[in-house]
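J.: I'd like to ask you about the structure that follows.
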Amino acid sequence: MLKDHLAEANELFRSGFNCSQAIVAVFSEEHGFPAETAIRMAYPFGRGMGGCGCTCGALTGAMMVIGMKYGTAGQIGMKSGAAGQPEMKSGAAGQDETDNKKLAREKTRRLIEFFENEHGTTLCNDLTGLDQRKLNGPELMAMLPHFHSRCQKFLETVVTFLEEEL
Numbered sequence: 000m001l002k003d004h005l006a007e008a009n010e011l012f013r014s015g016f017n018c019s020q021a022i023v024a025v026f027s028e029e030h031g032f033p034a035e036t037a038i039r040m041a042y043p044f045g046r047g048m049g050g051c052g053c054t055c056g057a058l059t060g061a062m063m064v065i066g067m068k069y070g071t072a073g074q075i076g077m078k079s080g081a082a083g084q085p086e087m088k089s090g091a092a093g094q095d096e097t098d099n100k101k102l103a104r105e106k107t108r109r110l111i112e113f114f115e116n117e118h119g120t121t122l123c124n125d126l127t128g129l130d131q132r133k134l135n136g137p138e139l140m141a142m143l144p145h146f147h148s149r150c151q152k153f154l155e156t157v158v159t160f161l162e163e164e165l
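Mapping of the sequence shown onto numbering that gives the first Met the number 0: residues 0 to 165, in sequence order.
Written out as structure tokens, the structure is:
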């Protein structure tokens, strides 16, 4: 049975993880990253990058998933090749460093275009109709049902893209 990424992402989102965390959590382990590490790294991207209302957290989470699959590590990823010559590790099986960089850029661009075509913008403030910078404490807690209803479609958009493209 295939993993139900969307159901898991929605469950995580409704249980208190932000949109970015929900996306990376459900894809991380299948791309070789511990879920806890991915969730920690994604935390600052929720509510439009640090609660500033910029790029949608579900979208930035999806970009991180693309990086998990196609990202490169440069010097960090070097290992010893034939005759002691350095050989670059690759992110995706069967791809070299240059191919992965190209794929990561192409997939990210397609993701952004796909998201913009679906929703008209990538900005959290515009997508939610709320000024994220003004939501703190009790105001934020009162708006959680709004986020859960609005943001579910953004989670669905990026999960659909990732399932089709990766």
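Ideal Cβ placement from N, Cα and C applies to all residues, glycine included.
If you're wondering where the values come from, they're calculated on a predicted model, not measured in any experiment.
From the DSSP output, in three-state form, read off Leu143 for me.
T.: Reading the sequence shown from its first residue, position 144 is the one you call residue 143. Helix, per DSSP.
J.: Closer than 8 Å by C-beta to Pro33: which residues in its own chain qualify, once you throw out the five before and the five after it? Chain order, please.
T.: The residue labelled residue 33 in the question sits at position 34 within the sequence shown. Once the five neighbours on either side are set aside, the close Cβ partners of Pro33 are Ser27.
J.: In whole angstroms, give me the CA-to-CA distance for Cys51 and Leu58.
T.: Working through the sequence shown from its first residue, we reach residue 51 at position 52. Working through the sequence shown from its first residue, we reach residue 58 at position 59. Each residue's alpha carbon lies about 15 Å from the other.
J.: Can you give me the start and stop residues for the alpha helix (DSSP H) that Gly66 sits inside?
T.: What you label residue 66 is simply residue 67 of the sequence shown in a count that begins at 1. Segment Gly56 to Tyr69, the alpha helix (DSSP H) holding Gly66.
J.: From Pro144 to Val158, what distance separates their C-alpha atoms?
T.: Indexing the sequence shown from 1 puts residue 144 at position 145. Indexing the sequence shown from 1 puts residue 158 at position 159. Straight across, the Cα-Cα distance linking Pro144 with Val158 is about 21 Å.
J.: For Asp167, which of Val25, Phe16, Met67 and Leu134 has the nearest alpha-carbon?
T.: For residue 167 there is no data in the structure shown, the boundaries of the chain being 0 and 165.
J.: Span of the alpha helix (DSSP H) holding Leu126?
T.: In the sequence shown, the residue the question calls residue 126 occupies position 127. Segment Cys123 to Thr127, the alpha helix (DSSP H) holding Leu126.
J.: Check this for me: beta carbons of Gln20 and Ala6, under 7 Å apart or not?
T.: Locating residue 20 in the sequence shown gives position 21, where the first residue counts as 1. Locating residue 6 in the sequence shown gives position 7, where the first residue counts as 1. In this structure, Ala6 does not lie closer than 7 Å to Gln20 by Cβ.
J.: Quick one: is Gln84 buried, meaning 16 or more other Cβ sit within 10 Å of its Cβ, or exposed?
T.: Translated into the one-based positions of the sequence shown, residue 84 becomes position 85. Residue placement at Gln84 is poorly supported in this model, since its pLDDT is 48, which falls under 50; the coordinates are not used for a value here.
J.: What residues in its chain sit with their C-beta under 6 Å from that of Met67, if we drop five residues either side in the sequence?
T.: Along the sequence shown, read from residue 1 onward, the residue named residue 67 stands at position 68. Within the same chain, Met67 has close Cβ partners His30 and Phe32.
J.: What three-state label does DSSP hand Lys100 in the structure shown?
T.: Residue 100 sits at position 101 when you count from the first residue of the sequence shown. Of the three classes helix, strand and coil, the one that applies to Lys100 here is helix, per DSSP.
J.: What's the gap between the Cα of Pro43 and the Cα of Glu164?
T.: Numbered from 1 along the sequence shown, position 44 holds the residue referred to as residue 43. Numbered from 1 along the sequence shown, position 165 holds the residue referred to as residue 164. Whole-angstrom Cα-Cα distance: 25 Å.
J.: Mark Lys152 as exposed unless 16 or more other C-beta atoms lie within 10 angstroms of its C-beta, in which case mark it buried.
T.: Reading the sequence shown from its first residue, position 153 is the one you call residue 152. Answer is exposed; the Cβ neighbour count stays below 16.
J.: Can you tell which of Ser14, Gly49, Lys106 and Ala72 has the C-alpha that lies nearest to the C-alpha of Met204?
T.: No statement about residue 204 is possible, as the shown extent of the chain runs from 0 to 165 and does not include it.
J.: Given a threshold of 16 other Cβ atoms within 10 Å of its Cβ, counted over all protein chains shown, does Asn9 qualify as buried or as exposed?
T.: Taking the first residue of the sequence shown as 1, we reach residue 9 at position 10. With 16 or more Cβ atoms within 10 Å of its Cβ, Asn9 is classed as buried.
J.: Identify whether Gly136 lies in helix, strand or coil by the three-state DSSP scheme.
T.: If you number the sequence shown from 1, residue 136 lands on position 137. The three-state reading of DSSP puts Gly136 in helix, counting H, G and I together.
J.: Judging by CA-CA distance, which residue of Thr156, Phe12 and Tyr69 is the nearest neighbour of His118?
T.: Taking the sequence shown and counting its residues from 1, one reaches residue 118 at position 119. Closest option to His118, Cα to Cα, is Thr156.
J.: Shortest alpha-carbon distance to Lys133 belongs to which of Ser14, Arg46 and Ile38?
T.: Position 134 of the sequence shown holds residue 133. Taking only the C-alpha atoms, the option nearest Lys133 is Arg46.
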